[in-house]
Amino acid sequence: MTLSNYPMLKEKWHAQFPFEYFQYLRKLVVDECSFFPNAISSNLLQHLYRLRALVVEKCDSVKDVFEFEGLNAVKDDFRPMETLNQLQLIDLPRLRHVFNEDHKGILTFKNLTLLKVHNCSNLTNVFTVSMALGLVNLQHMEVKRCSLVEQIITKESSDEEMMRDKTIFPSLQSISLECLPNLSSFYSASDVLECPSLKKIDVLDCPKVELLPSTFSKFAIPSLEKLRVEWNTLKDKLSENFQAGYLCRLKAIELTCFSGESALLPSNVLQSLPSLEKLVLSDASVEEIILQHINNGEEKHPQSLRCLKELKLLSKLPKLKRLVDEDYQSVPIFQNLETLKVLECSSLEILVPSSVSFQNLMSLEVSKCNGLRNLLTASAARSLVQLRRMDIKECESMQEIVASEADGAKDDIGFNQLEYLGLRNLPCLTSFCSDAKFKTPTTIDELFTL
Numbered sequence: 021m022t023l024s025n026y027p028m029l030k031e032k033w034h035a036q037f038p039f040e041y042f043q044y045l046r047k048l049v050v051d052e053c054s055f056f057p058n059a060i061s062s063n064l065l066q067h068l069y070r071l072r073a074l075v076v077e078k079c080d081s082v083k084d085v086f087e088f089e090g091l092n093a094v095k096d097d098f099r100p101m102e103t104l105n106q107l108q109l110i111d112l113p114r115l116r117h118v119f120n121e122d123h124k125g126i127l128t129f130k131n132l133t134l135l136k137v138h139n140c141s142n143l144t145n146v147f148t149v150s151m152a153l154g155l156v157n158l159q160h161m162e163v164k165r166c167s168l169v170e171q172i173i174t175k176e177s178s179d180e181e182m183m184r185d186k187t188i189f190p191s192l193q194s195i196s197l198e199c200l201p202n203l204s205s206f207y208s209a210s211d212v213l214e215c216p217s218l219k220k221i222d223v224l225d226c227p228k229v230e231l232l233p234s235t236f237s238k239f240a241i242p243s244l245e246k247l248r249v250e251w252n253t254l255k256d257k258l259s260e261n262f263q264a265g266y267l268c269r270l271k272a273i274e275l276t277c278f279s280g281e282s283a284l285l286p287s288n289v290l291q292s293l294p295s296l297e298k299l300v301l302s303d304a305s306v307e308e309i310i311l312q313h314i315n316n317g318e319e320k321h322p323q324s325l326r327c328l329k330e331l332k333l334l335s336k337l338p339k340l341k342r343l344v345d346e347d348y349q350s351v352p353i354f355q356n357l358e359t360l361k362v363l364e365c366s367s368l369e370i371l372v373p374s375s376v377s378f379q380n381l382m383s384l385e386v387s388k389c390n391g392l393r394n395l396l397t398a399s400a401a402r403s404l405v406q407l408r409r410m411d412i413k414e415c416e417s418m419q420e421i422v423a424s425e426a427d428g429a430k431d432d433i434g435f436n437q438l439e440y441l442g443l444r445n446l447p448c449l450t451s452f453c454s455d456a457k458f459k460t461p462t463t464i465d466e467l468f469t470l
């Protein structure tokens, strides 16, 4: 039920309304209420036994989500909201607390699995330790665009005894923290915060938070697999202990906001990512992704990328000219890559040198890369034996998909597994391959040349 759809009910929301009719309600959206100090009155709260999802949004005057006046959990022997598993608090500029401290044991939120807090500009923290300890089944947490938040969990002196031999958020799987300009730490105390199930962390546009090592060294996160973070926040704070304990298990990393770098991901960082399967990059001023590294006269290559299955270079990479050094020797850094997506890289001159093989690549998508005159060399194209999907579009300078090579080899190029070929908005395209015969399987589903 969405309150704004019932104007007459909104007028009586805090009156002595017969709320017993709400006892079977599963989802409630309290929105566009300009005059209520709290979203859920005590009169309504005592009838919400089966509520599973609560959304409070666009309520300019709400200071607290719940009102407890006149309620006593021990005396009245009732536990409303025990079935609640989703709580979303959005656009509440005067909200003081996510969870009231004077709940008197009435609310436990023991079944809450999802919490979203967006655009709550008056909050300074999200939880006290006592409230966080009650969220034993919380799996996903988002805190975004809350300008005054300094800590996610704040510890008070009365919490010392409560913390002994207890784990906060034992079921938490993902944390997303975005646009929090005053966030300095996740947890204000010096204790180690154990999150044994945490697999994904997103931290973007949080300039004051010291992501590594001081803040997240307080985390015990043995299961971390995915990290989304700004590179400038991360790069100078990498430590050997953190790499050994956390990065070595990462399967996916998304990095954004690079500046002043000639190339991305130096060898010491790559060596700390032996399990990396997915790499996503955006908003960077780098010229190339991977460099050849030389130490004591011997070439060293980023062996960790042998596990990489998905590489996405997304928008705002205006200086990117190549993925790897043009003189790169035949090293199987992309031997297991299955998906390659390159978007809006206007200075890209060459996708990869001819020595690079894509023997397991199944999907190739290139869009709005106006510096490319051709996509691949003939030798690189012949390595695409597993390619199932190719989609090339809006590359203004693209003249040829497969370029001829100096050795003049004219062997046929056949993508025997190809199911989809899309060539769209390529105004300068004159041929697919001028020096070799291109063969497609008779079962190909679609071909666009628009």
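Every letter in the sequence shown is one number past the one before it in this note's numbering, and letter 265, counting from 1, is 285.
The C-beta atom is built at its ideal place from N, Cα and C for all residues, glycine as well.
Beta bridge counterpart(s) of residue i as assigned by DSSP
i      : result
His160 : Leu134 and Ser194
Asn145 : Gln171
Phe206 : Paired residue(s): none; Phe206 is not in a bridge.
Arg248 : Asp222 and Glu274
Asp80  : Asp80 is not bridged to any residue.
Cys268 : Answer is none; Cys268 lacks a bridge partner.
Gln355 : Looking at the DSSP assignment, Gln355 forms no beta bridge with any residue, so it has no partner.
Val405 : Paired residues: none, contrary to the question.
Reduced DSSP category for residue i - H, G, I as helix; E, B as strand; rest coil
i      : result
Ala59  : strand
Ser302 : strand
Tyr26  : coil
Phe39  : helix
Glu416 : coil
Met151 : helix
Thr425 : For the record, residue 425 in the displayed sequence is Glu; it is not Thr. Three-state result, Glu425: coil.
Leu441 : strand
Ser292 : coil
Cys365 : coil
Glu31  : helix
Arg72  : coil
Leu65  : helix
Ser387 : strand
Cys327 : helix
Arg114 : coil
Ser399 : helix
Asn315 : The predicted model places Asn315 with a pLDDT of 47, which falls under 50 and marks its position as unreliable; any figure quoted below should be read in that light. Of the three classes helix, strand and coil, the one that applies to Asn315 here is strand, per DSSP.
Cβ-Cβ distance between residue i and residue j below 7 angstroms
i      : j      : result
Leu340 : Leu296 : no
Arg70  : Asn105 : no
Ile353 : Leu395 : no
Val362 : Leu333 : yes
Ser191 : Ser217 : yes
Ser81  : Phe55  : yes
Ser204 : Glu162 : no
Ser61  : His34  : yes
Glu274 : Arg248 : yes
Glu425 : Thr450 : no
Cys448 : Ser417 : yes
Ile433 : Ala401 : yes
Glu52  : Lys78  : yes
Nearest-angstrom Cβ-Cβ length linking residue i and residue j, presumed shorter than 8 angstroms
i      : j      : result
Leu143 : Leu115 : 6 angstroms
Leu109 : Val156 : Actually they are not in contact, since the Cβ atoms of Leu109 and Val156 sit about 20 angstroms apart, beyond 8 angstroms.
Phe189 : Gly154 : Their Cβ separation, rounded to whole angstroms, is 11 angstroms, which puts Phe189 and Gly154 out of contact at 8 angstroms.
Leu48  : Met28  : Incorrect: roughly 17 angstroms between the Cβ atoms, too far for contact.
Lys30  : Pro57  : Not really, about 15 angstroms apart at Cβ, beyond 8 angstroms.
Other residues of its chain near residue i: CB distance less than 8 angstroms, five sequence neighbours each side excluded
i      : result
Tyr65  : Checking the displayed sequence, the identity of residue 65 turns out to be Leu instead of Tyr. Once the five neighbours on either side are set aside, the close Cβ partners of Leu65 are Phe86, Glu87, Phe88, Leu91, Pro100, Met101 and Ile126.
Asn139 : Ile110, Asp111, Leu112, Pro113, Lys164, Arg165 and Cys166
Leu229 : Correcting the residue identity first, residue 229 is Val in this sequence and not Leu. For Val229, where only same-chain residues beyond five positions count, the Cβ hits under 8 angstroms are Leu197, Leu200, Leu203, Ser204, Ser205, Phe206, Val223, Thr235 and Thr253.
Gln193 : Gln159, His160, Ser217, Leu218, Lys219 and Lys220
Lys271 : Glu245, Lys246, Ser295, Leu296, Glu297 and Lys298
Ser335 : Ser302, Asp303, Leu363 and Glu364
Asn356 : Arg326, Cys327, Leu328, Lys329 and Asn380
Contacting residues, own chain, Cβ-Cβ under 6 angstroms from residue i (five flanking each side not counted)
i      : result
His67  : Phe39, Glu40, Phe42 and Gln43
Thr276 : Glu250, Ser302 and Asp303
Ser387 : Leu363, Lys413 and Glu414
Thr359 : Glu330 and Ser383
Ser403 : Ser377, Phe378 and Gln379
Ser399 : Ser374
Gln406 : Asn380, Met382 and Gln437
Tyr26  : none
Leu134 : Gln106 and His160
Val50  : Leu23, Ala59 and Val76
Lys136 : Gln108 and Glu162
Ile172 : Val146 and Phe206
Glu385 : Lys361 and Asp411
Contacts around residue i, its chain only, beta-carbon distance under 7 angstroms, and the 5 residues preceding and following it disregarded
i      : result
Arg269 : Leu244, Glu245 and Ser295
Thr174 : Asn145, Thr148 and Ser208
Cys365 : Leu333, Leu337, Leu340 and Cys389
Interface flag, residue i vs chain D, CB-CB below 7 angstroms
i      : result
Cys448 : Considering every chain present, this structure includes no chain D. It has just one protein chain.
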